[in-house]
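Numbering (the numbering used here), first residue to last: 18 to 114.
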């Protein structure tokens with residue numbers, strides 16, 4: 018379990034800038050996929066049965082991204098196995114320039 022926590026911590030702390038940069042784009046793609054699934058549900062075509070799966074898949078991806086963004090700092094704190102558990106995080110609220 019300690020190895021898993023260390024791996025999770027190093028991955029999350031190193032990929033934090035990438036996640037903050039890519040989050041709006043990935044969430045936008047999820048919204049676009051949900052919209053596409055809804056449009057495909059309304060059209061009479063051969064993909065009508067698959068459109069519900071498309072919509073559900075993108076909705077679950079969007080919910081996963083929202084939960085990950087909300088609990089990112091808590092996941093880092095839980096996975097931190099160092100003795101001094103001080104993690105300087107830059108949030109949107111700390112940018113008062």
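Beta carbons: idealized from backbone N, C-alpha and C, even for Gly. As the structure is a prediction and not an experimental result, all values here were calculated from the model.
Anticipated Cβ contact below 8 Å, residue i with residue j, distance rounded
i	j	result
residue 23	residue 98	6 Å
residue 71	residue 54	4 Å
residue 96	residue 25	4 Å
residue 50	residue 75	3 Å
Residue i to residue j span [Cα, whole Å]
i	j	result
residue 52	residue 73	11 Å
residue 36	residue 58	31 Å
residue 84	residue 60	32 Å
residue 89	residue 18	19 Å
residue 82	residue 92	14 Å
Terminal residues of the alpha helix (DSSP H) in which residue i lies
i	result
residue 52	33-59
residue 3	An answer regarding residue 3 cannot be provided, because it is not within the stretch 18 to 114 covered by the chain.
Buried versus exposed call for residue i [16 or more other C-beta atoms within 10 Å across all chains shown]
i	result
residue 47	buried
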